[in-house]
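According to the working numbering, the sequence shown is numbered sequentially starting from 1. For every residue, glycine included, the Cβ atom is placed at its ideal position computed from N, Cα and C.
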Amino acid sequence: MRINLSRISALIFLLLFSIYSYLSGEIKVFTFDVDAPFNAKTFPRLISYIGILFSFLALIFSKNEDEPVSQYEWLKVFVLFVLVFSYGLIIKTVGFFLSTNLFLIIAYYYLGVRSIKLIFFCSVPVVAGLQFLLHELLDVYIRDPLLQSIGIIS
Numbered sequence: 001m002r003i004n005l006s007r008i009s010a011l012i013f014l015l016l017f018s019i020y021s022y023l024s025g026e027i028k029v030f031t032f033d034v035d036a037p038f039n040a041k042t043f044p045r046l047i048s049y050i051g052i053l054f055s056f057l058a059l060i061f062s063k064n065e066d067e068p069v070s071q072y073e074w075l076k077v078f079v080l081f082v083l084v085f086s087y088g089l090i091i092k093t094v095g096f097f098l099s100t101n102l103f104l105i106i107a108y109y110y111l112g113v114r115s116i117k118l119i120f121f122c123s124v125p126v127v128a129g130l131q132f133l134l135h136e137l138l139d140v141y142i143r144d145p146l147l148q149s150i151g152i153i154s
């Protein structure tokens with residue numbers, strides 16, 4: 001078995017999802033929710049188990065050939081990491097709706113999508129739907145100064 005970039009990345013994801021699985025077991029649950037079929041631990045555990053399964057499958061079924069490292073576009077990876085980091089910094093001050101839309105629009109444009117209509121129709125309705133799902137249906141409060149100032153959410 002040769003070690004190549006696909007296997008290294010699968011090992012890294014296997015390690016990360018294993019740590020996430022352990023940490024999801026440490027989530028505190030209300031005493032009345034301990035025996036409930038769905039509680040605060042359920043979804044994180046499901047995500048961790050699916051991540052462990054897929055990273056293990058990627059580790060086993062990856063090609064057994066050498067991959068030249070120079071074929072990857074490392075600048076794009078780095079720029080997207082910087083974009084994700086800056087998104088994490090501005091989400092509290094700017095708000096979920098505006099910062100997530102800015103993140104998606106910049107990421108789509110940077111990754112090569114040049115149709116402005118497509119960029120906006122793939123970001124704004126998705127973020128609006130997610131905001132509605134979280135705020136109205138699941139009753140998860142997300143602080144958003146923009147939507148509060150125009151009176152959409154209280």
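Point to revise | Contacts around residue 58, its chain only, beta-carbon distance under 6 Å, and the 5 residues preceding and following it disregarded | key: 10
Check your understanding: In its own chain, which residues sit with a C-beta less than 7 Å from the C-beta of residue 14, not counting the 5 before and 5 after it?
Key -> 52, 55, 56, 59
**Study point:** Residue of 91, 42, 37 minimising C-alpha distance to residue 26
**Key:** 42
**Study point:** Under the three-state DSSP convention, the category residue 73 falls into
**Key:** coil
Practice item. Specify the secondary structure class of residue 63 as computed by DSSP and reduced to three states. Key: coil
Point to revise | Three-state secondary structure (DSSP) of residue 10 | key: helix
Check your understanding: Which residue's Cα is closest to the Cα of residue 4: 23, 61, 139, 22?
Key -> 61
Practice item. Identify, in the order they occur along the chain, each residue of the same chain with its Cβ nearer than 8 Å to the Cβ of residue 92, setting aside the five sequence neighbours on each side. Key: 143
Check your understanding: Does the segment 131-142 come within contact of the segment 110-123, defined as at least 3 CB pairs closer than 8 Å?
Key -> no
Practice item. For the segment 117-130 and the segment 71-82, state whether three or more C-beta atom pairs, one from each stretch, are separated by less than 8 Å. Key: no
Review point. Residue 147 and residue 95 look like a contact to me (Cβ under 8 Å); what is the Cβ gap, rounded to whole Å?
Key: 7 Å
Check your understanding: Per DSSP, what kind of secondary structure is residue 87 in: helix, strand or coil?
Key -> helix
**Study point:** For residue 2, the nearest candidate out of 45, 17, 64 (CA to CA)
**Key:** 64
Check your understanding: Should residue 32 go down as buried or exposed, given a rule of 16 or more other Cβ atoms within 10 Å for buried?
Key -> exposed
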